[in-house]
Amino acid sequence: MPNIKSAKKRVRLSEERRVHKKHFTTAMRTKIKRVVTALEASDKEAATEAYTAAVPAIDAGVSKGLIHKNKAARHKSRLNSRIRAL
């Protein structure tokens, strides 16, 4: 546990930010999982719809600082290539 006042504040703020960002992270991961589920069911139409919903969520994750831009590009590329392979 920190003893310095500024360190206590950093702990408090980082916890608040973690809780706030958790909602966005969970939503993003859920949308990605919907695409994967549709791919596993070999439903190209559902996978395409889920992918179009997941891309803005992934991009929002980048702008909010949840994930790195290269990780977002990797997710989008891999999902898209799996959809095209169906």
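For the sequence shown, this note's numbering gives the first residue as 1, with consecutive numbering after it. From the three backbone atoms N, C-alpha and C, an ideal C-beta is built for every residue, glycine too.
Hey, could you find the ends of the alpha helix (DSSP H) residue i is sitting in?
i   : result
K76 : K69 to A85
Mind checking residue i: buried by the 16 CB within 10 Å criterion, or exposed?
i   : result
V11 : exposed
A73 : exposed
L86 : exposed
M28 : buried
L13 : exposed
I4  : exposed
Assuming residue i and residue j make a contact with CB atoms under 8 Å, what is their CB distance in whole Å?
i   : j   : result
K31 : A50 : 7 Å
V35 : A54 : 5 Å
Could you give the DSSP three-state label for residue i: helix, strand or coil?
i   : result
A41 : coil
Subject >> Runs of alpha helix (DSSP H) wholly within the segment 6-65 (minimum 4 residues, chain order) >> reply: 44-63
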